[in-house]
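Undergrad: Following this message is one structure expressed as structure tokens.
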Amino acid sequence: INFNFETVRVTWSPSQYSGTNLTFVYNSDEASRPCCNYIVHESHTAGCLLEARKDEILCFSLGNGTDILFRKCEWISAYLKPSSPEDLSFRWHEDAVTVTCSDLPYKRLLYEIQYKSVFDTEWQSKEGETCNVTMQGLDSEKCYFFRARVKTLESSYGSDTYPSDWSKVTHQQRGELRGEACYTAVHGPSFSLKVRALLVSLSRLHKCLMPSVPDPKLTFPGLFELHRGNFQEWIKDTQNVSHVAKTEATEQECVPEETLVVQLQKAEAEMPIGEEASRDASPVACQPPQGGEVVSLGGFTFVMTDNSYMLL
1 INFNFETVRV TWSPSQYSGT NLTFVYNSDE ASRPCCNYIV HESHTAGCLL
51 EARKDEILCF SLGNGTDILF RKCEWISAYL KPSSPEDLSF RWHEDAVTVT
101 CSDLPYKRLL YEIQYKSVFD TEWQSKEGET CNVTMQGLDS EKCYFFRARV
151 KTLESSYGSD TYPSDWSKVT HQQRGELRGE ACYTAVHGPS FSLKVRALLV
201 SLSRLHKCLM PSVPDPKLTF PGLFELHRGN FQEWIKDTQN VSHVAKTEAT
251 EQECVPEETL VVQLQKAEAE MPIGEEASRD ASPVACQPPQ GGEVVSLGGF
301 TFVMTDNSYM LL
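Once you know that position 188 of the sequence shown is 188 in the UniProt record's numbering, the rest is easy, because the numbers rise by one and skip nothing.
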């Protein structure tokens, strides 16, 4: 890999050569030189780092002692990996933004700018042959994320090159750097709503799986306060209370009936003698029954014993 025409890294797999320490020799300016900066992996040589000053043909060989195992010559530009863009600048227009940065010292490159708002899930890209790229259709009120990288033109460098690493993501809103405020302004309220919705869902699930159990203190008053949870004692006590209450209710129901009987007896006692005589003189005389107090009502005569009552 040719890192921005500054450093070249050549690597190989030590396992292919049974853990042997291989030697790397390269030609520069028609002079053969051994590697001075080996990459070591598990105590065995696995690569070499070389300095690069320009695009040139690198001829190198890989050997085991005096045996040459591999030999090759390549343009180092065929494996170019440009450096990442630095110091991005933003110039906002009404609905557009222009991103600029310093161009690399070599040509035939593509500068790719990617951007998305806090509401987008996918990055959108715009490319230019110089680091001066304008994106249209942006809303300055929204917060946007920007990042950039450099790629090589395949027509000039081939297909074995590498794109640069992405630059650090920059947050912009209304032409100002926002930093993490983009996440706080938008994701903060939505995160709170999500947490509340989750709590409501968990509460409903809890009610479905574990329904509420009524408090026995409310269902059985006095069971724990007076009888310390002894259900037998509590049921005896409540049965006695129910019997007394039922007896009192029965007595209250009987009071109007007894009053009615007494009133009837008084009415019979206060009846004028003349009315009795007129009744006795009627053609058909009714013989009063024997054996108790006599109560007359609406032309009917009833005999009341000591343990009887009349319900009207």
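By construction, the Cβ of each residue, glycine as well, lies at the ideal position given by its N, Cα and C atoms.
Hey, out of Ser61, Ser164 and Pro14, whose CA is closest to phenylalanine 3's CA?
TA: For the purposes of this step, residue 3 is taken as the residue at position 3 of the sequence shown. Phenylalanine 3 has its Cα closest to that of Ser164, out of Ser61, Ser164 and Pro14.
Undergrad: Starting from the Cα of cysteine 59, find the closest Cα among Thr66, Glu74, Leu49 and Gly47 and give me that residue.
TA: As a first step, residue 59 is located in the sequence shown; it is residue number 59 there, counting from the start. The shortest Cα separation from cysteine 59 among Thr66, Glu74, Leu49 and Gly47 belongs to Glu74.
Undergrad: Counting only the same chain and skipping the five closest in sequence on each side, list residues whose C-beta sits under 8 Å from that of aspartate 160.
TA: Numbered from 1 along the sequence shown, position 160 holds the residue referred to as residue 160. So the qualifying residues of the chain are Ala78 and Tyr79.
Undergrad: So is glutamate 154 buried or exposed if we call it buried at 16+ other beta carbons inside 10 Å?
TA: Translated into the one-based positions of the sequence shown, residue 154 becomes position 154. Flag for glutamate 154 reads exposed.
Undergrad: Is glutamate 257 buried or exposed, if buried means 16 or more other CB atoms sit within 10 Å of its CB?
TA: Locating residue 257 in the sequence shown gives position 257, where the first residue counts as 1. Because the pLDDT at glutamate 257 is just 44, under 50, the model does not fix this residue reliably, and the value given afterwards should be weighed accordingly. Exposed: under 16 other Cβ atoms inside 10 Å.
Undergrad: At which residue ranges does the UniProt domain "Cytokine receptor-like factor 2-like D2" (82 to 175) contain complete alpha helix (DSSP H) runs of 4 or more residues, listed in the order of the chain?
TA: Listed in chain order, the complete alpha helix (DSSP H) runs (minimum 4 residues) inside the UniProt domain "Cytokine receptor-like factor 2-like D2" (82 to 175) are 154 to 157.
Undergrad: Report the rounded CA-to-CA distance for leucine 209 versus valine 200, giving the unit in angstroms.
TA: In the sequence shown, the residue the question calls residue 209 occupies position 209. In the sequence shown, the residue the question calls residue 200 occupies position 200. In a straight line, the C-alpha of leucine 209 is about 14 Å away from that of valine 200.
Undergrad: Quick one: Cα of proline 85 to Cα of tryptophan 166, how far?
TA: In the sequence shown, residue 85 corresponds to position 85, counting from 1. In the sequence shown, residue 166 corresponds to position 166, counting from 1. Cα to Cα, the separation comes out at about 8 Å.
Undergrad: Do you know offhand how far glutamate 51's Cα is from lysine 81's?
TA: If you number the sequence shown from 1, residue 51 lands on position 51. If you number the sequence shown from 1, residue 81 lands on position 81. Going from the Cα of glutamate 51 to the Cα of lysine 81 covers about 15 Å.
Undergrad: Provide the residue span of the beta strand (DSSP E) that contains alanine 46, from first to last.
TA: Locating residue 46 in the sequence shown gives position 46, where the first residue counts as 1. Start and end: 44 to 51.
Undergrad: To the nearest whole angstrom, what separates the beta carbons of methionine 135 and lysine 126, a pair I think is in contact under 8 Å?
TA: Locating residue 135 in the sequence shown gives position 135, where the first residue counts as 1. Locating residue 126 in the sequence shown gives position 126, where the first residue counts as 1. Sure, about 5 Å apart at Cβ, within 8 Å.
Undergrad: In chain order, what residues of the same chain have a beta carbon less than 6 Å from the beta carbon of proline 34, not counting five sequence neighbours either side?
TA: In the sequence shown, residue 34 corresponds to position 34, counting from 1. Counting only Cβ-Cβ distances below 6 Å, and skipping sequence neighbours, we find Val25.
Undergrad: Spatial neighbours of leucine 49 within its chain, please: CB distance less than 7 Å, with the 5 preceding and 5 following residues excluded, ordered by chain position.
TA: Numbered from 1 along the sequence shown, position 49 holds the residue referred to as residue 49. Same-chain partners within the cutoff: Thr7, Arg9, Asn37 and Ile39.
Undergrad: If I measure Cβ to Cβ from lysine 207 and keep anything under 8 Å in the same chain, skipping five residues before and after, which residues do I get?
TA: Translated into the one-based positions of the sequence shown, residue 207 becomes position 207. Nothing listed; no residue qualifies.
Undergrad: Return the residue from the list Asn64, Asn27, Thr45 and Leu88 that minimises the CA-CA distance to glutamate 56.
TA: Indexing the sequence shown from 1 puts residue 56 at position 56. When only C-alpha atoms are compared, the closest one is Asn27.
Undergrad: Tell me the DSSP secondary structure of isoleucine 235 in three-state form.
TA: Sequence index remark: in the sequence shown, residue 235 carries index 235 (1-based). Isoleucine 235 falls in the helix class under three-state DSSP.
Undergrad: Using only alpha-carbon positions, find the residue among His41, Thr66, His93 and Ser102 that is nearest to serine 140.
TA: Along the sequence shown, one-based indexing puts residue 140 at 140. The shortest C-alpha separation from serine 140 is found at His93.
Undergrad: Closest to lysine 54 by CA distance: which of Gly47, Pro105 and Gly158 is it?
TA: Residue mapping note: residue 54 aligns to position 54 of the sequence shown, counting from 1. When only C-alpha atoms are compared, the closest one is Pro105.
Undergrad: Which partner residues of isoleucine 39 appear in the DSSP bridge assignment?
TA: As a working mapping, residue 39 is identified with position 39 in the sequence shown. Per DSSP, Gly47.
Undergrad: Where does lysine 72 fall in DSSP's three states?
TA: Working through the sequence shown from its first residue, we reach residue 72 at position 72. Residue state, collapsed to three classes: strand.
Undergrad: Please classify serine 203: does DSSP put it in a helix, a strand, or coil?
TA: As a first step, residue 203 is located in the sequence shown; it is residue number 203 there, counting from the start. DSSP places serine 203 in helix when its eight states are reduced to three.
Undergrad: Would you call arginine 91 buried or exposed, if buried means 16 or more other Cβ atoms sit within 10 Å of its Cβ?
TA: As a working mapping, residue 91 is identified with position 91 in the sequence shown. Classification for arginine 91: exposed.
Undergrad: Helix, strand or coil for serine 13, going by three-state DSSP, please let me know.
TA: Stepping through the sequence shown from its first residue, residue 13 is reached at position 13. Three-state DSSP puts serine 13 in coil, outside helix and strand.
Undergrad: Anyone know if the C-beta pair for arginine 149 and tyrosine 111 falls short of 9 Å?
TA: Here residue 149 corresponds to residue number 149 of the sequence shown, with the count starting at 1. Here residue 111 corresponds to residue number 111 of the sequence shown, with the count starting at 1. In contact: arginine 149 and tyrosine 111 (Cβ atoms closer than 9 Å).
Undergrad: Tell me the rounded alpha-carbon separation between leucine 202 and tryptophan 123.
TA: Within the sequence shown, numbered from 1, the residue matching residue 202 stands at position 202. Within the sequence shown, numbered from 1, the residue matching residue 123 stands at position 123. Using only the alpha carbons, I get a separation of about 35 Å.
Undergrad: What distance in whole Å lies between the Cβ atoms of leucine 22 and threonine 45, which are believed to be in contact at a cut-off of 8 Å?
TA: Counting from one through the sequence shown, the residue named residue 45 turns up at place 45. Counting from one through the sequence shown, the residue named residue 22 turns up at place 22. Contact holds; Cβ gap of about 6 Å.
Undergrad: For glutamate 42, which residues in the same chain have their Cβ closer than 6 Å to its Cβ, ignoring the five residues on either side in sequence?
TA: By 1-based counting over the sequence shown, the position of residue 42 is 42. Cβ within range, chain order: n/a, list empty.
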